[in-house]
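A.B. asks: Per this note's numbering: the sequence shown = residues 10 to 614.
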Amino acid sequence: CHPVCLQGRSVKDSTLRRAQRRSFTPASFMEEDTVDFPDELDTSFFKGCSILPCHREGNHCCSTFYSSPLERGWRKQKDGGLVQPKVRLRQEVVSVSPQKRGQRIAVPVRKLFAKEKRPYGLGMVGKLTNRTYRKRIDSYVKRQIEDMDDHRPFFTYWVTFVHSLITILAVCIYGIAPVGFSQHETVDSVLRNRGVYENVKYVQQGAMSFPSLSQEALIHLGAKFSPCMRQDQQVHSFIKAKREKEKHSACCVRNDKSGCVQTSEEECSSTLAVWVKWPHHSSTPMLAGSKRQFGSVCHQDPRVCEQPASMEPHEWPDDITKWPICTKNSAGNYTNHLHMDCVITGRPCCIGTKGRCEITSREYCEFMRGYFHEEATLCSQVHCMDDVCGLLPFLNPEVPDQFYRLWLSLFLHAGILHCLVSVCFQMTILRDLEKLAGWHRISIIYLLSGITGNLASAIFLPYRAEVGPAGSQFGILACLFVELFQSWQILARPWRAFFKLLAVVLFLFAFGLLPWIDNFAHISGFISGFFLSFAFLPYISFGKFDLYRKRCQIIVFQLIFIALFSGLVILFYFYPIKCEWCEFLTCIPFTDKFCEKYDLDAQLH
């Protein structure tokens, strides 16, 4: 052969060896195109080793290689003629320019993220469930499989980093809670507003994860909690009843001048203290022409307050629950009024997670992990739900509106163990699917499935603080089913893979029957992820009819998901559901205290 031919072959062999060392395997389904030579082809052209002239374009040389007729399988006919075969043409572009000094060296970034291409319909879960392709697959389907892009799992890396960082910071700042399914009680002797020490009890709910955050800390961080997202009827009714009771309260001043506190007449001792009530108390004369019936209030009086002053047209109403906080008194510390010259021993304290407010001492408030308001004198002057929820303040202090908890809670975890489970799931299942679908498709499915799962959980379990991407993870599991259905016709044993995958998902749903694991988020996230996967996951078609059908199903499943999400929003904000038996779908009470939880009525009294 000609020396140039040998040189071309060596370049071709080295190119093939480099291709075998790539991070992505070359295509395995597509066969090389074949063309038939015309009947008048001159066979003398193939004698020996023929070289086509090189067409130089820049620094590249295009070379086409042919072999002799007999080597390519030409057969002789009986009359001595030759029968032409189908000749394969292969054209290669190789670089022959030498590397210049100082030229930048390309870094193989693609090798840092993935070792091989993610095959459609297989993947890591496909290997675990023994998914394999059929021996015979139509060339049209093969071409679609090979033309699919392989994406980088950037969304997986980002969400995993955010989960880990937030969990570590939250545990370091808020500390840990007791571990277990039952409630933990702490009893201690604390000074209360009556001036004596009393034995009080603080109840804290245990958690499964270790180390874990308390319910109050999770709510303050942004957990799913319905009373922070809408005006809950039960919580609102309790706050309204509490204010109605406070409306008839007055300042109880002890006779030994040891202090005073705002309380009801029943709680004020008639022998040890004086209950200063307008207008019946003779030692507190009313202003001329005054018609006030409610009060007094410890350390607050419209007659001596300068900021804000009680003057027309901004006169303080008779209802003391509508009074503002007085920031400056004109008479100083000596007003000749019992309720103004005493030492106040109790101020508003927000306790618990349901908007409970109590006039008490600072020591008792700190022991109960409450929020003490030094500037206020009445519970009606503070907004406990705003303190409990944290984050951005409500636009209307009376109406909670933190709807963004639906997606903010997806980035929170109850503890380090909970976070490790999410990281393991994301670095295996989520990463594998993102290589197939891309970050934009998989992020839509992940976030919308989690938001829908949290919305369903907020409807059926409104008073339980939930965090974590449980709904998102089950939405990703639904993607595996959809991927299996979309590639059903090209798999060798699809039923076997289906039952294995079904067994895993059913086991996870059964695991959700344990305490403090939200099965409503699991079920709703799985259903929404199932619809979204049909709408957003890439697919292959098995003909024109199948192509049109799958294009139509994209629109249909998008509309179904929008209808599902809209129905949940209407139920949550306009038609709240009170379901007593729904608790059994997320926790089965094997014992009396196995599914023990915070009771709303117990927290409100």
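All C-beta atoms, glycine included, are put in the ideal place defined by N, C-alpha and C.
(1) Thinking just about the alpha-carbon of each residue, which of H422, E275 and V578 is nearest to the one in V476?
(2) Can you tell me whether DSSP reads I334 as helix, strand or coil?
(3) How is the beta strand (DSSP E) around V270 delimited, first residue to last?
(4) Classify N405 as helix, strand or coil using the three-state DSSP reduction.
(5) Decide if S278 is buried, meaning its Cβ has at least 16 other Cβ atoms within 10 Å, or exposed.
(6) Flag this pair as touching only if the region 457–465 and the region 529–548 have three or more C-beta atom pairs under 8 Å; answer yes or no.
(7) Could you work out which residue in P311, F420 and K266 is closest to N338 when comparing CA atoms only?
(8) Just to confirm the assignment, what range does the beta strand (DSSP E) spanning R502 have?
(9) Excluding sequence positions up to five away, which residues of its chain have a Cβ less than 6 Å from the Cβ of V513?
(10) Label L486 either buried or exposed according to how many other C-beta atoms from any shown protein chain fall within 10 Å of its C-beta, with 16 as the threshold for buried.
(11) Among S305, M436, L470 and Y183, which one has its Cα closest to the Cα of T330?
(12) So for D197, helix, strand or coil by DSSP?
(13) For G424, which three-state DSSP category applies?
(14) Quick check on P128: buried or exposed, where buried means 16 or more other Cβ atoms within 10 Å of its Cβ?
(15) Looking at the unbroken beta strand (DSSP E) that takes in Q435, where does it start and where does it end?
(16) Do L489 and L523 have their C-beta atoms within less than 8 Å of each other?
(17) Taking only three categories from DSSP, how would you classify W284?
(18) So, helix, strand or coil for I368, using DSSP?
(19) Taking 6 Å as the limit between beta carbons, can you name the residues of its chain near Y244, skipping five residues before and five after?
(20) I'd like to know whether the C-beta of D310 is nearer than 8 Å to at least one C-beta of chain C.
(21) Can you tell me where the beta strand (DSSP E) holding V306 begins and where it ends?
(22) If I follow the unbroken beta strand (DSSP E) through V262, where does it start and stop?
(23) Check the DSSP bridge columns for M320 and list the partner residues they point to.
(24) Expressed to the nearest angstrom, what Euclidean distance is found between the alpha-carbon atoms of T141 and L577?
(25) Spatial neighbours of A226 within its chain, please: CB distance less than 6 Å, with the 5 preceding and 5 following residues excluded, ordered by chain position.
(26) Classify W167 as buried or exposed, calling it buried when 16 or more other Cβ atoms lie within 10 Å of its own Cβ.
C.D. replies: Concretely, from the data shown:
(1) V476 has its Cα closest to that of H422, out of H422, E275 and V578.
(2) Judged by DSSP in its simplified three-state form, I334 adopts coil rather than helix or strand.
(3) C269 to T272
(4) strand
(5) exposed
(6) yes
(7) Ranked by Cα distance from N338, the first of P311, F420 and K266 is P311.
(8) That residue, R502, is in no beta strand (DSSP E); it is neither H nor E in DSSP.
(9) none
(10) buried
(11) S305
(12) In this structure, D197 counts as strand in the three-state DSSP scheme.
(13) strand
(14) buried
(15) Annotation for Q435: no beta strand (DSSP E) segment contains it, and DSSP assigns it neither H nor E.
(16) no
(17) Looking at W284 - three-state DSSP - the assignment turns out to be strand.
(18) strand
(19) Here residue 244 turns out to be Val, not Tyr, going by the sequence shown. Short of 6 Å from the beta carbon of V244, and not among the five residues preceding or following it, lie these beta carbons of its own chain, in chain order: P236, K363 and G364.
(20) This model lacks chain C altogether, as it is built from one protein chain only.
(21) Per DSSP, V306 lies in no beta strand (DSSP E) and is assigned neither H nor E.
(22) Note, V262: beta strand (DSSP E), A259 to R263.
(23) H323
(24) Each residue's alpha carbon lies about 39 Å from the other.
(25) Y183
(26) exposed
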